[in-house]
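Numbering (our numbering), first residue to last: 631 to 1394. Every residue, glycine too, gets a C-beta built ideally from N, C-alpha and C. Below is one structure, written out as structure tokens, with a few remarks after it.
See below:
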């Protein structure tokens, strides 16, 4: 599926006028078989991402291996092209002109056929755009099929592989059939209820649709493909406890919101968005939070004499009957997503949990004083109310993809903040009386000394969340207002990614994989703290593991535990430094060595010598751009004649926040920002204005922007000759390196981020 489904900014830059693409003889369009079937020996023009064109006859269109094979006109043989190298295919097979009766009616293909030709725009992964008018469209697993209208009125067929496309638009609406990113046609979604008043009006008014299988409804609505439905049914058959919706959502075929909206409409129930919804206070007392979380239901309000609850699975009659028995109330059901229900339970029951714990603290106030015996404090912090509060706090951070939890004491209260997408977000405010108990409970979990309150301490703990291991690093520090604590959350599910998911261009991804498949040399990742260097290095390790080599890492600290790799924790307090560890691991016959950071001269020298003696070395440096890493190594007294043949490549990177796709609007850009970034006044950029989906920040998630310097022979010679940073950078750009600022700017032009984010991470 396509990765982003947002409207394209106008104007778009056409790659080549459609009328200039075609000069081959006509061949009939195949109208039988699968939607994307095309005939063998059909004339075709294949436009490749590297700018080449292949004109000839299509010999093979293999969907399983995602390749085509073309017998090139005037050449002796055939050329095989993977979809990943293809921009689009055009079949110069004229259909009836655009002013004739619709040319696709008789074909029998599942084509969406508007009465008139629709405008379409496509944005490709390399920043180029294409636009035109189409008489119809088909969306399938492997890509997009269009039927563009030429300047003289004829209609042809065009195929665009999904891997080449960043986003696209057909007509006035988004491409609702591709909803992996959660974007769907609003007309296909049941209108969501967001308030008690609206829900009260809808209760009793909604009516179920005529009986139909839900999978067929989703298929006919264009929200999933036949192949996805068949795969989901196979998954459901192999796991009886999973329903069809879970299978479709987990495989990325449809968003949870889209599925539950269709489910609600099918059953004649209201679809509720719980973010911003304020349930009645009285109903929270009727349902225990543990019961609500276990059965995935959220009490909302009383309607007449019935208790209204939101459920993820409204067909779970066993849970409904159990709730009716425990509350003594008749139950009325609305539908909500599981994510909304979990978030609602955490937020709405939080104040009740806090009050219960505070009552406990007030009764045993003397036990929270600094001079209280450690035994009494430990006994208190294991009491059930406090344990639940702390557990909920940690789980909420994991659910919201927070990278850090901050517990920050003030004069009369305690602020709890999460770092989400690089920005601190206020989550909760606790009474000051709770601070000693909460800190002590977390210290016990992290195996720290709860009696020590005057000195900083470090610890770590581990949680299991939805089958994934989440490591947490804990740091406690005394302040004038009480102990402050920061917890670093390391979720292996979100932290360990393959190279293909880091957002590299096709050229750079191939270049990085080529670097990682070398047996000797050094690859560096540079950037400030929090720029995603560790994520990139671990992704590189996952790529190297495919070669079945001996990998040893030296880290401080070890952030993610990877099976099959020997990972060493540096302990500076006992003299076990990076340099000391490196001296010993060379005797363990490593093929690949990962060094967490090159921070001193001794470590740098050992790393260089390791790379020169048959080892592949991966490490990080704190420099702003890629070329500056060479100067930094020179400052560590690394001889220039060693650097040239040792370095394979250097990547500088930053993390920028992604626009929330639910609330994008035109960005107001200051003139000095445009001037510094070299952006024309007429260019339009977008940013999120803030909504409930992004916690009113305007951003949701982060992505890496980077520049990749490959140590080509020319650059190696410049390094050996002692060339300046500027000269090396200029040569790298000349050889194809895209500077980091330009990389970020291209993402802003695709609406993926705002120009303000580009300005924030720019390199001078």
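If you measure between the beta carbons of residue i and residue j, is that distance less than 9 Å?
{"i": "residue 1172", "j": "residue 1192", "result": "yes"}
{"i": "residue 1154", "j": "residue 1250", "result": "yes"}
{"i": "residue 975", "j": "residue 928", "result": "yes"}
{"i": "residue 720", "j": "residue 824", "result": "no"}
{"i": "residue 1166", "j": "residue 1333", "result": "no"}
{"i": "residue 1112", "j": "residue 1065", "result": "yes"}
{"i": "residue 1277", "j": "residue 1391", "result": "no"}
{"i": "residue 722", "j": "residue 675", "result": "yes"}
{"i": "residue 759", "j": "residue 767", "result": "no"}
{"i": "residue 1129", "j": "residue 1170", "result": "yes"}
{"i": "residue 1116", "j": "residue 1037", "result": "yes"}
{"i": "residue 1254", "j": "residue 1158", "result": "yes"}
{"i": "residue 1093", "j": "residue 1085", "result": "no"}
{"i": "residue 1231", "j": "residue 1267", "result": "yes"}
{"i": "residue 1224", "j": "residue 1248", "result": "yes"}
{"i": "residue 938", "j": "residue 1023", "result": "no"}
{"i": "residue 1377", "j": "residue 1309", "result": "no"}
{"i": "residue 1031", "j": "residue 1121", "result": "yes"}
Would you kindly work out how many angstroms separate the C-alpha atoms of residue i and residue j, rounded to a whole number?
{"i": "residue 1291", "j": "residue 1318", "result": "7 Å"}
{"i": "residue 1227", "j": "residue 1234", "result": "9 Å"}
{"i": "residue 1315", "j": "residue 800", "result": "20 Å"}
{"i": "residue 1140", "j": "residue 1217", "result": "32 Å"}
{"i": "residue 1370", "j": "residue 1355", "result": "15 Å"}
{"i": "residue 690", "j": "residue 703", "result": "15 Å"}
{"i": "residue 1372", "j": "residue 1204", "result": "45 Å"}
{"i": "residue 934", "j": "residue 1059", "result": "35 Å"}
{"i": "residue 918", "j": "residue 926", "result": "12 Å"}
{"i": "residue 951", "j": "residue 910", "result": "22 Å"}
{"i": "residue 750", "j": "residue 907", "result": "38 Å"}
{"i": "residue 1061", "j": "residue 968", "result": "30 Å"}
{"i": "residue 1387", "j": "residue 1380", "result": "13 Å"}
{"i": "residue 709", "j": "residue 701", "result": "6 Å"}
{"i": "residue 1362", "j": "residue 1345", "result": "7 Å"}
{"i": "residue 1017", "j": "residue 1055", "result": "23 Å"}
{"i": "residue 684", "j": "residue 769", "result": "24 Å"}
{"i": "residue 930", "j": "residue 924", "result": "17 Å"}
{"i": "residue 944", "j": "residue 977", "result": "22 Å"}
{"i": "residue 1353", "j": "residue 1196", "result": "38 Å"}
{"i": "residue 705", "j": "residue 686", "result": "9 Å"}
{"i": "residue 1126", "j": "residue 1348", "result": "35 Å"}
{"i": "residue 1034", "j": "residue 1078", "result": "19 Å"}
{"i": "residue 1288", "j": "residue 959", "result": "45 Å"}
{"i": "residue 848", "j": "residue 892", "result": "8 Å"}
{"i": "residue 1087", "j": "residue 1074", "result": "12 Å"}
{"i": "residue 795", "j": "residue 1206", "result": "49 Å"}
{"i": "residue 1082", "j": "residue 1106", "result": "10 Å"}
Around the Cβ of residue i, are there at least 16 other Cβ atoms within 10 angstroms (buried) or fewer (exposed)?
{"i": "residue 1326", "result": "exposed"}
{"i": "residue 1265", "result": "exposed"}
{"i": "residue 677", "result": "buried"}
{"i": "residue 1283", "result": "buried"}
{"i": "residue 1183", "result": "buried"}
{"i": "residue 947", "result": "exposed"}
{"i": "residue 1187", "result": "exposed"}
{"i": "residue 1202", "result": "exposed"}
{"i": "residue 791", "result": "buried"}
{"i": "residue 1374", "result": "buried"}
{"i": "residue 1069", "result": "buried"}
{"i": "residue 748", "result": "buried"}
{"i": "residue 901", "result": "buried"}
{"i": "residue 1243", "result": "exposed"}
{"i": "residue 873", "result": "buried"}
{"i": "residue 653", "result": "Low confidence applies here, because residue 653 scores a pLDDT of 38, under 50, leaving its location unreliable; read the following figure in that light. So residue 653 ends up on the exposed side."}
{"i": "residue 1147", "result": "exposed"}
request  = Please go through the stretch 907-947 and give each complete alpha helix (DSSP H) segment of 4 or more residues, from N-terminal end onward.
outcome  = Runs of the alpha helix (DSSP H) inside the stretch 907-947: 911-914 and 919-925.
task = Would you list, in sequence order, the uninterrupted beta strand (DSSP E) runs of no fewer than 3 residues that lie entirely inside the stretch 1301-1386?
result = 1316-1318 and 1329-1340
message = Would you call the stretch 1041-1051 in contact with the stretch 1131-1140, where contact means no fewer than 3 C-beta pairs closer than 8 Å?
response = no
Stretch pair the stretch 1265-1278 + the stretch 1238-1250: three plus CB contacts closer than 8 Å = In this structure the stretch 1265-1278 touches the stretch 1238-1250; the number of beta carbon pairs closer than 8 Å is three or more.
task = Please specify which runs of the alpha helix (DSSP H), each continuous and at least 4 residues long, are wholly inside the stretch 1077-1136, giving them in chain order.
result = List check, alpha helix (DSSP H) in window: 1122-1125.
ask   = Is there contact between the stretch 954-968 and the stretch 852-867, where contact requires at least three CB pairs shorter than 8 Å?
value = Touching, no, given that fewer than three Cβ pairs across the two stretches are closer than 8 Å.
key: Every unbroken beta strand (DSSP E) inside the stretch 1170-1230 [3 residues or more]   = 1181-1185, 1196-1199 and 1222-1225
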